[in-house]
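Q:
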Amino acid sequence: MPSLFASYLRVYEPLTAFDRDRQSYWRRYVSEGRAVAPVEGPVRQRTAVIEALGAGWTRLPDLPEEAYVLETDDSLLVCPWNLRIRVAEAALSARDGVPSVLADAFVPPVLAGQARAVVDDWRSGARVLEHGVPRVHEQIATWGVPLRWFVLFDAAERDLVTEPGRRALRYRTEISKARRRSSRALSVLRKSVGEAPITDAVEEAARWLEEFHPRSVVELDYGGLVDLLSDETLVADDSPELVAGGLAGLARGEAEEASAAYDTLVARWRAVQLLERCN
Numbered sequence: 050m051p052s053l054f055a056s057y058l059r060v061y062e063p064l065t066a067f068d069r070d071r072q073s074y075w076r077r078y079v080s081e082g083r084a085v086a087p088v089e090g091p092v093r094q095r096t097a098v099i100e101a102l103g104a105g106w107t108r109l110p111d112l113p114e115e116a117y118v119l120e121t122d123d124s125l126l127v128c129p130w131n132l133r134i135r136v137a138e139a140a141l142s143a144r145d146g147v148p149s150v151l152a153d154a155f156v157p158p159v160l161a162g163q164a165r166a167v168v169d170d171w172r173s174g175a176r177v178l179e180h181g182v183p184r185v186h187e188q189i190a191t192w193g194v195p196l197r198w199f200v201l202f203d204a205a206e207r208d209l210v211t212e213p214g215r216r217a218l219r220y221r222t223e224i225s226k227a228r229r230r231s232s233r234a235l236s237v238l239r240k241s242v243g244e245a246p247i248t249d250a251v252e253e254a255a256r257w258l259e260e261f262h263p264r265s266v267v268e269l270d271y272g273g274l275v276d277l278l279s280d281e282t283l284v285a286d287d288s289p290e291l292v293a294g295g296l297a298g299l300a301r302g303e304a305e306e307a308s309a310a311y312d313t314l315v316a317r318w319r320a321v322q323l324l325e326r327c328n
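When the letters of the sequence shown are read in order and numbered with this note's numbering, they come out as residues 50 to 328.
(1) Let's see if you can read the secondary structure: which residues bound the beta strand (DSSP E) around residue 289?
(2) Can you tell me which of the three DSSP states residue 279 falls into?
(3) Here's the rule: buried if 16 or more other CB atoms are within 10 angstroms of the residue's CB, otherwise exposed. What is residue 230?
(4) Locate the beta strand (DSSP E) running through residue 210, then write down its first and last residues.
(5) Please name the residue, chosen from 75, 245, 121, that lies closest to residue 222 on a Cα-to-Cα basis.
(6) Alpha carbon to alpha carbon, how far is residue 204 from residue 164?
(7) Would you say residue 323 and residue 310 are within 8 angstroms of each other, going by their C-beta atoms?
(8) Which same chain residues, not among the five before or five after residue 277, have their C-beta less than 7 angstroms away from its C-beta?
(9) Exposed or buried, which one is residue 146 when buried takes at least 16 other CB atoms within 10 Å?
(10) Going by alpha carbons, who is nearest to residue 267 out of 273, 293, 212, 254?
(11) Is the distance from the Cβ of residue 63 to the Cβ of residue 149 below 8 angstroms?
(12) Does the beta-carbon distance from residue 194 to residue 318 come in below 8 angstroms?
(13) Just grab the DSSP bridge partners of residue 270 for me.
(14) Whole angstroms is fine: what's the gap from residue 115's alpha carbon to residue 262's?
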């Protein structure tokens, strides 16, 4: 499970995106007051997985169906945790690039087989008729924010709270706006830098957004990263503006302007990533 010093990209979907049984479940879930606040979610997720796994990775556990909930004036939107598929993917990722002896010790073959079956079933669409389109609603990045995430948001969509005990920095936008921004960014990148890692990363984010209902809401949450940053740093953070400015510079053919914005962003977030190595 992820470090608590992590950021999160989430999609909240309206109930109409789910089948009838899921709609009933999520309505009951909210009415019973079971929804978990984002600030509490990462710890709850980690605790649920550890308790379900027991002393070792010997099985793929059944995990509770939980979600973050966003209530607006006229609708209810949910961001399911999808813990079972995320644990399965984590188990398979842990074996990648590791000698078989070590891989089997950390993730036993029986567990790896179960995880592979769950992931293959999910990705193949075998559960579409039962649970709707297979999709994971939350992406997680530890010790920083991927630059491609900032493409999806505008500076005016920021929600910053710096009160003691309630510090948070989030961006929220309609998925239609996020899709338009990612499409424009992808067009600029393809014309200016061609096939490059940043182009591939933005394309991946754009494809992910296409999986969700057109009335969804996209959220970038700085999560536990706010505990690493001062109030002054959070207030001054202009990462989405820098990304937008860099893309605008590329579109105008002003490579130096784009490069300056990129260098500023990389330096800013590298400083956060380096905190992982601090003792």
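By construction, the Cβ of each residue, glycine as well, lies at the ideal position given by its N, Cα and C atoms. All values reported here derive from a predicted model rather than from experimental measurement.
A: From the atom records:
(1) Within the sequence shown, the letter at position 240 stands for residue 289. Premise fails: residue 289 lies in the alpha helix (DSSP H), 288 to 300, not in any beta strand (DSSP E).
(2) Locating residue 279 in the sequence shown gives position 230, counting from the first residue. Residue state, collapsed to three classes: coil.
(3) What you label residue 230 is simply residue 181 of the sequence shown in a count that begins at 1. Label assigned to residue 230: buried.
(4) For this step, residue 210 is matched to residue 161 along the sequence shown. It spans 207 to 210 - the beta strand (DSSP E) in which residue 210 sits, taken as one unbroken run.
(5) Taking the sequence shown and counting its residues from 1, one reaches residue 222 at position 173. With distances taken between Cα atoms, residue 222 lies closest to 121.
(6) Indexing the sequence shown from 1 puts residue 204 at position 155. Indexing the sequence shown from 1 puts residue 164 at position 115. Between residue 204 and residue 164, the C-alpha separation is close to 39 angstroms.
(7) Taking the sequence shown and counting its residues from 1, one reaches residue 323 at position 274. Taking the sequence shown and counting its residues from 1, one reaches residue 310 at position 261. Cβ atoms of residue 323 and residue 310: not closer than 8 angstroms.
(8) If you number the sequence shown from 1, residue 277 lands on position 228. 54, 321, 324, listed in sequence order.
(9) Counting from 1 along the sequence shown, the entry for residue 146 is found at position 97. That one is exposed.
(10) Translated into positions along the sequence shown, residue 267 becomes position 218. That would be 254, whose Cα lies nearest to the Cα of residue 267.
(11) Here residue 63 refers to the residue found at position 14 when the sequence shown is read from its first residue. Here residue 149 refers to the residue found at position 100 when the sequence shown is read from its first residue. Contact: no.
(12) For the purposes of this step, residue 194 is taken as residue 145 along the sequence shown, with counting starting at 1. For the purposes of this step, residue 318 is taken as residue 269 along the sequence shown, with counting starting at 1. A contact, by the Cβ cut-off of 8 angstroms.
(13) The residue given as residue 270 occupies position 221 in the sequence shown. For residue 270, which the question treats as bridged, DSSP gives the partners 57, 219.
(14) As a working note, residue 115 is residue 66 in the sequence shown. As a working note, residue 262 is residue 213 in the sequence shown. Going by the C-alpha atoms only, they are around 19 angstroms apart.
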